[in-house]
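Student:
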Amino acid sequence: MDAAFQISLKGGMGLGKETLSRLQFAGFDYEINGSTTRVAKPQRDVFKVFDEEFSSFREALAFASATYKIKKSRLSQLYFDNDESFDRAIEAFHGLVEGRP
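Number 74 in the numbering used here belongs to position 78 of the sequence shown; there are no gaps in the numbering.
In structure tokens:
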């Protein structure tokens, strides 16, 4: 390997380690005008498809697509067009299929 490439590779590995440590960092306190605030990791999102709950968007999309026979790409677009709600997206899709606005 070229020396410059080795240095670049070593630097990239170092940046990767730093990124991982930052992603795993639980949070910190900061103070503004005497008020202390805790910055922490955001809560895990829960994606709901009617009564079913999923920990990732991808899982919820796959379930909804298979269950309600809607293409993933179409369902994903409807999800974002309907306030990030699978329930409303599915209802909107069925409304379009049935000819309702």
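Where is the CB? At the ideal position from N, CA and C, for every residue including glycine.
Beta carbon of residue 72, beta carbon of residue 92: below 8 Å?
Tutor: Start at 1 with the first residue of the sequence shown, and residue 72 comes out as number 76. Start at 1 with the first residue of the sequence shown, and residue 92 comes out as number 96. Going by C-beta atoms, residue 72 is not nearer than 8 Å to residue 92.
Student: State the Cα-Cα distance for the pair residue 16 and residue 23, rounded to the nearest angstrom.
Tutor: Stepping through the sequence shown from its first residue, residue 16 is reached at position 20. Stepping through the sequence shown from its first residue, residue 23 is reached at position 27. Near 14 Å, if we compare the C-alpha coordinates of residue 23 and residue 16.
Student: So does the region 7 to 21 actually touch the region 44 to 56, counting three or more Cβ pairs closer than 8 Å?
Tutor: Too few Cβ pairs lie closer than 8 Å, so no.
Student: Should residue 34 and residue 41 be called a contact, given that it needs their Cβ atoms to be closer than 8 Å?
Tutor: Along the sequence shown, one-based indexing puts residue 34 at 38. Along the sequence shown, one-based indexing puts residue 41 at 45. Not a contact, by the Cβ cut-off of 8 Å.
Student: Sorry if obvious, but does the Cβ on residue 6 come closer than 7 Å to a heavy atom of the ligand MN?
Tutor: Because no ligand of any kind appears in the structure shown, any question about the ligand MN cannot be addressed here.
Student: Compute the distance between the beta-carbons of residue 43 and residue 89, then report whether it is under 8 Å.
Tutor: In the sequence shown, residue 43 corresponds to position 47, counting from 1. In the sequence shown, residue 89 corresponds to position 93, counting from 1. Their beta carbons are not under 8 Å apart, which means residue 43 does not touch residue 89 by this criterion.
Student: Leaving out five residues on either side along the sequence, give the residues of the same chain with a beta carbon under 7 Å from the beta carbon of residue 74.
Tutor: Taking the first residue of the sequence shown as position 1, residue 74 is located at position 78. Hits under 7 Å: 85, 88, 89.
Student: What are the residues that DSSP puts in a beta bridge with residue 44?
Tutor: Within the sequence shown, residue 44 is the residue found at index 48, counting from 1. DSSP lists 49 as partners of residue 44.
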